[in-house]
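So the structure is just underneath, and the comments pick up after that.
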Amino acid sequence: MKYRAVGFDLLTALVDSWSAWKAVAGDDALGMRWHAASQARLRGQPYLPYEEVNREAAAEVGLPREKADELLARFDTVEPWPDTPAVLARLGVVRFVVTNCSTAVGTRVAARAGAFDLVMTAERAGAYKPDPRPYRAALEAQGLDPRAVLFVAGSAHDVGGASRVGMDVYWANRGGVAAPADARAIREEPDLRGLLAVLEG
């Protein structure tokens, strides 16, 4: 294969974490507003406790702060997207996760998605993506040259973040959002089903 390793965003690219936000909020639209408020608070920032970020975001959208504790428990039940298991089963290279959450959450959710050589969390790296520290920490921990790694982004900010540290990026654009202005993925698809073609390219 062209790449020695594949890195993955976790909470958007590999698992349906959105369902947890919606279920705990009790309303799909409200759940996604809560998710967006959380992302706006943490994106690119030095690490602050993930639990507290979600409490503050809940209050911002009119939900009780305690809903964040229910959300963290609900993460134990999130499922991989339907295409995730089959694609992961066919990967014959090193695979790792870089995720914007606490180590406790990241470890538990990654185990629901599959087996990985490394789970690098924002807490462990000291910053939230797209700050370069989480991506670099994952590469350095495994002795990987970024040019030999394909990163699977789950969101637009991941496309730029991973690109800026030197990795090629495949974007599983499950939300159908607009492409970032500052970077381009080498391939954009609505899910992971085009990933093997890129790896075998």
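Residue 81 in our numbering sits at position 78 of the sequence shown; the count goes up by one each step and never skips.
For each residue, glycine too, the CB sits at the ideal point set by N, CA and C.
Where D134 sits in the DSSP three-state scheme: Along the sequence shown, read from residue 1 onward, the residue named residue 134 stands at position 131. D134: coil per DSSP, three-state reduction.
Nonlocal neighbours in the same chain, by C-beta distance under 7 Å from L13, ignoring five residues either side: Taking the first residue of the sequence shown as position 1, residue 13 is located at position 10. Short of 7 Å from the beta carbon of L13, and not among the five residues preceding or following it, lie these beta carbons of its own chain, in chain order: V100, T102, G109, V112, A113 and A116.
Beta-carbon spacing of R177, D161 below 8 Å: Taking the sequence shown and counting its residues from 1, one reaches residue 177 at position 174. Taking the sequence shown and counting its residues from 1, one reaches residue 161 at position 158. Pairing R177 with D161 gives a Cβ-Cβ distance that is not under 8 Å.
C-alpha gap between P49 and L202, whole angstroms: Residue numbering aside, residue 49 sits at position 46 when the sequence shown is read from its first letter. Residue numbering aside, residue 202 sits at position 199 when the sequence shown is read from its first letter. Between P49 and L202, the alpha-carbon positions lie close to 33 Å from each other.
Beta-carbon proximity list for V97, same chain, < 8 Å, skipping 5 on both sides: By one-based count along the sequence shown, residue 97 stands at place 94. Excluding sequence neighbours, V97 sits near R7, A8, V9, D120, Q145 and L147.
Beta-carbon separation (whole angstroms), P183 vs A159, contact threshold 8 Å: Looking up residue 183 in the sequence shown gives position 180. Looking up residue 159 in the sequence shown gives position 156. The C-beta distance from P183 to A159 rounds to 4 Å, short enough to meet the 8 Å contact threshold.
Endpoints, the beta strand (DSSP E) within which T15 is located: For this step, residue 15 is matched to residue 12 along the sequence shown. Segment: none, T15 is in no beta strand (DSSP E) and carries neither H nor E.
N-terminal and C-terminal residue of the alpha helix (DSSP H) that V90 is part of: The residue labelled residue 90 in the question sits at position 87 within the sequence shown. In the DSSP annotation of this structure, the continuous segment of the alpha helix (DSSP H) that includes V90 starts and ends at T87 to A92.
For E54, the first and last residue of its enclosing alpha helix (DSSP H): The residue given as residue 54 occupies position 51 in the sequence shown. First-last of the alpha helix (DSSP H) with E54: Y53 to E63.
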